[in-house]
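Asker: Numbering (the numbering used here), first residue to last: 53 to 250.
Here it is as structure tokens:
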């Protein structure tokens with residue numbers, strides 16, 4: 053059984069929009085693109101490298117796929133194996149897939165992902181892909197969250213968790229803090245939400 057692992061950069065108020073640069077996603081008048089950049093250091097780079105060095109296949113939304121496909125094929129030394137793993141792409145319109153080992157998921161996306169999860173093979177990492185992540189969360193398809201939580205609030209922008217995400221409990225499995233205060237926290241799904249009273 054393969055796991056779906058969501059890797060996301062988020063602010064303290066849950067914003068995940070355009071972490072890497074001003075031109076990444078300015079929709080909705082978002083003007084804080086690149087908010088992660090001042091916090092990157094050798095520590096953070098090494099931890100991210102550890103997360104990316106495995107041979108996990110990728111599940112990507114269209115926009116993230118296009119960003120990745122325009123960069124990584126020529127810079128694979130920074131992400132060993134990225135060209136060899138399978139990239140599953142979710143899009144409502146046909147795509148011209150020129151990046152090797154890229155496959156568009158067609159038809160019922162939820163059923164397709166459930167099918168992929170039921171196969172033997174490597175885990176499935178989800179990077180970026182904010183809209184697609186909402187589909188995963190609302191259909192209880194996320195097994196693990198690997199979050200990089202940055203010590204800022206932005207007050208606006210696309211968020212990791214929006215209305216419609218199912219209530220879910222998670223267990224912290226690993227955490228580290230960078231010198232700049234970025235919390236690297238890995239969580240795995242841990243059943244239903246439990247409630248009580250004091």
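Ideal Cβ positions, reconstructed from N, Cα and C, are used throughout, including at glycine.
(1) Leaving out five residues before and five after residue 156 in sequence, what residues of the same chain have Cβ atoms less than 7 angstroms from its Cβ?
(2) Please state if the CB of residue 246 and the CB of residue 221 are separated by a distance shorter than 8 angstroms.
(3) Residue range of the beta strand (DSSP E) that residue 113 falls in?
(4) Just to confirm before moving on: does the CB-CB distance between residue 63 and residue 87 stay below 8 angstroms?
(5) Taking the Cβ atom as the reference point for each residue, do residue 68 and residue 211 lie within a distance shorter than 8 angstroms?
(6) Report the option in 119, 113, 57, 108 whose CA atom is closest to the CA atom of residue 72.
(7) Between residue 81 and chain C, is there a C-beta pair that is closer than 8 angstroms?
(8) Could you spell out where the alpha helix (DSSP H) holding residue 150 opens and where it closes?
(9) Could you tell me the distance, in whole angstroms, from the CA atom of residue 304 to the CA atom of residue 223?
(10) How close, in whole Å, do the beta carbons of residue 187 and residue 214 come, if the pair is a contact with beta carbons under 8 angstroms?
(11) Would you mind reading off the limits of the alpha helix (DSSP H) that contains residue 162?
(12) Cβ atoms of residue 196 and residue 258: under 8 angstroms apart, would you say?
(13) In whole angstroms, give me the CA-to-CA distance for residue 70 and residue 219.
(14) Taking only three categories from DSSP, how would you classify residue 189?
Answerer: Looking at the coordinates:
(1) 141, 143, 147, 149
(2) Inclusion of residue 221 and residue 246 in the CB contact set at 8 angstroms is warranted, their separation being smaller than that value.
(3) 109–113
(4) yes
(5) yes
(6) 119
(7) Looking at the structure shown, chain C is missing, and only one protein chain is on hand.
(8) Segment: none, residue 150 is in no alpha helix (DSSP H) and carries neither H nor E.
(9) Not covered by the structure: residue 304. The range shown for the chain is 53 to 250.
(10) The Cβ separation is near 11 angstroms, so there is no contact.
(11) Counting along the chain, the alpha helix (DSSP H) containing residue 162 begins and ends at 161–170.
(12) Absent from the structure is residue 258, since the part of the chain shown begins at 53 and ends at 250.
(13) Put simply, the backbone Cα of residue 70 is about 26 angstroms away from that of residue 219.
(14) Note: residue 189 maps to helix in three-state DSSP.
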